[in-house]
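Read top to bottom, the protein sequences are chains A and B. Note that the numbering used here has the first sequence beginning at 185, numbered continuously upward. Note that the numbering used here has the second sequence beginning at 185, numbered continuously upward. Glycine included, each C-beta is placed from N, C-alpha and C at the ideal position.
Protein chains: 2
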Amino acid sequence: MKSSNTVWHHPQIDMSVREKILKQKSVLLWFTGLSGSGKSTLANAVEAKLAEKHYATYLLDGDNIRHGLDGDLGFSQKDRKENIRRVGELATLFVDAGLIVLTAFISPFRGDRQEIRKLLPNGKFIEIFTDCPVETCEKRDVKGLYQKARRGEITDFTGVSSPYETPVNPEISVNTKRSDLEECVDKIIKYLEKHKIIEVS
Amino acid sequence: MKSSNTVWHHPQIDMSVREKILKQKSVLLWFTGLSGSGKSTLANAVEAKLAEKHYATYLLDGDNIRHGLDGDLGFSQKDRKENIRRVGELATLFVDAGLIVLTAFISPFRGDRQEIRKLLPNGKFIEIFTDCPVETCEKRDVKGLYQKARRGEITDFTGVSSPYETPVNPEISVNTKRSDLEECVDKIIKYLEKHKIIEVS
Chain A
185 MKSSNTVWHH
195 PQIDMSVREK
205 ILKQKSVLLW
215 FTGLSGSGKS
225 TLANAVEAKL
235 AEKHYATYLL
245 DGDNIRHGLD
255 GDLGFSQKDR
265 KENIRRVGEL
275 ATLFVDAGLI
285 VLTAFISPFR
295 GDRQEIRKLL
305 PNGKFIEIFT
315 DCPVETCEKR
325 DVKGLYQKAR
335 RGEITDFTGV
345 SSPYETPVNP
355 EISVNTKRSD
365 LEECVDKIIK
375 YLEKHKIIEV
385 S
Chain B
185 MKSSNTVWHH
195 PQIDMSVREK
205 ILKQKSVLLW
215 FTGLSGSGKS
225 TLANAVEAKL
235 AEKHYATYLL
245 DGDNIRHGLD
255 GDLGFSQKDR
265 KENIRRVGEL
275 ATLFVDAGLI
285 VLTAFISPFR
295 GDRQEIRKLL
305 PNGKFIEIFT
315 DCPVETCEKR
325 DVKGLYQKAR
335 RGEITDFTGV
345 SSPYETPVNP
355 EISVNTKRSD
365 LEECVDKIIK
375 YLEKHKIIEV
385 S
């Protein structure tokens, strides 16, 4: 750049500046649980509730990630691990941008989730366990994936042929077998209010 | 999810809803040009100006991408192409989130930039060419990269051992040899005002 005659200072725009502009605190709401446990449904409903309250949000799930950013990845154990790693990095950027970010991925391994927690400042990673027995998830089987896994057409399927490591100390746990959608959403919203992430309305 | 007794409708939150919440139009300001042409400096200054006007922005450049999301990529021609592909996909998600997104990458190939343009709705991809002769960029050589390229320590270096394909019809072109930083920022801000992407202040 040609040097200017005037010295022109401009501030570095970082997360805290962006949070001020957006008038909110950025966090990552990381939904984890079995296929069919209700992660996406719940994340979508929480996003809608936050949008109603005029918070700036973004939801990352298989729909907007798998075909684009992770278009080069398959479904092997290694590729699934890389998928979760990228989602974590991506979510971290959105938190840095000042948004309330929601992700809905099975993310079965404690170690992988722990890695993502470590990427973020304290208090910004909120693990939400959508707790539901595998029998119930399998009975729902909305996408027919459990059936395929039982027939061996999908290998390393979480809950059938690959383990799900239950969160030890998640910030929020919702039982999607016993509770209905509205109760689950309420529990999450109340947590966010209690921890001053959003204002009590 | 246990089915609820009450039917609970919630709206799908998409780009247009998010733009309304943020009270702005989302776009991608794609800075392209040689190493040392001033992409990052200019993108940072434009972001600061937009933040001053309370717009919600996010800047993607080598600093926040290379080490995280693209941590698995090297600097081969193939990896650089994959890098730009991922940046494009990523930027598209941020536009979808309602933000004014700025990217600063050499992105030397017309075809690669065209692919990213096609990912976005009409009018949302704004190509900004930081036009500067390679001799001037090489004279600046802030990071010592041209020297390394001349010594053969970096291969496929744009402008030295790999071509830069000049944008044919960029939305904005700034000559960073003749103009100083403030003039370049002004030109971009005026474009955004004229095209009603931001309000005239």
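Starting from residue i and walking both ways along the alpha helix (DSSP H), at which residues does that stretch end?
i	result
Leu376/B	Leu365 to Lys378
Tyr242/B	Counting along the chain, Tyr242/B falls outside any alpha helix (DSSP H), though it belongs to the beta strand (DSSP E) covering Thr241 to Asp245.
Asp340/A	Neither: Asp340/A is in no alpha helix (DSSP H) and is coded neither H nor E.
Arg334/B	Leu329 to Arg334
Asn228/B	Lys223 to Glu236
So residue i and residue j are supposed to be a Cβ contact under 8 Å. How far apart are they, rounded?
i	j	result
Pro305/B	Lys361/B	Contact doesn't hold; Cβ gap of about 34 Å is too wide.
Gly272/B	Glu299/B	7 Å
Glu231/B	Leu243/B	5 Å
Glu266/B	Leu257/B	6 Å
Ala235/A	Ile205/B	6 Å
Arg297/A	Thr216/A	6 Å
Gly307/B	Ser210/B	11 Å between Cβ atoms; not a contact.
Ile290/A	Thr342/A	5 Å
Does DSSP classify residue i as helix, strand or coil?
i	result
Val201/B	helix
Thr320/A	helix
Ala281/B	coil
Glu311/B	strand
Val211/B	strand
Ser346/A	strand
Leu303/A	helix
Leu218/B	coil
Asn189/B	Model confidence at Asn189/B stands at a pLDDT of 49, short of 50, so the residue's coordinates are unreliable; what they give is reported in the following sentence. Coil at Asn189/B, not helix or strand.
Leu257/A	coil
From what residue to what residue does the beta strand (DSSP E) around residue i run?
i	result
Ser357/B	Ile356 to Asn359
By the 10 Å Cβ neighbour count, where 16 or more other Cβ atoms means buried, how is residue i classified, buried or exposed?
i	result
Asn353/A	exposed
Thr339/B	exposed
Lys327/A	exposed
Gln196/B	exposed
Asn189/B	Caution is warranted here: a pLDDT of 49 is assigned to Asn189/B, below 50, making its placement in the model unreliable, and the coordinate value is therefore given only provisionally. So Asn189/B counts as exposed.
Val279/A	buried
Lys223/B	buried
Gln331/B	exposed
Pro347/A	exposed
Thr287/B	buried
Taking 8 Å as the cut-off, does the CB of residue i come closer than this to any heavy atom belonging to the ligand PLP?
i	result
Trp214/A	As for the ligand PLP, it is missing from this structure, which has no ligand bound.
Can you name the residues of chain C whose CB is closer than 7 Å to the CB of residue i?
i	result
Asn267/A	Note that chain C does not occur in the displayed structure, where the protein chains are A and B.
Short of 9 Å Cβ to Cβ, which residues in the stretch 227-242 of chain A face chain B? Asn228, Ala229, Glu231, Ala232, Lys233, Leu234, Ala235, Glu236, His238, Tyr239, Ala240, Thr241 and Tyr242
Taking a Cβ distance cut-off of 8 Å, strictly less, list which residues of the stretch 275-291 of chain A are near chain B, in chain order. Thr276, Leu277, Phe278, Asp280, Ala281, Gly282 and Leu283
Give me the subset of the stretch 311-341 of chain A whose CB atoms are less than 8 Å from a CB atom of chain B, sorted by chain position. none
Would you list, in chain order, the members of the stretch 202-223 of chain A that have their beta-carbon closer than 8 Å to a beta-carbon of chain B? Arg202, Ile205, Leu206 and Gly222
Cβ-based contacts, 8 Å cut-off: residues of the stretch 371-385 of chain A near chain B: none
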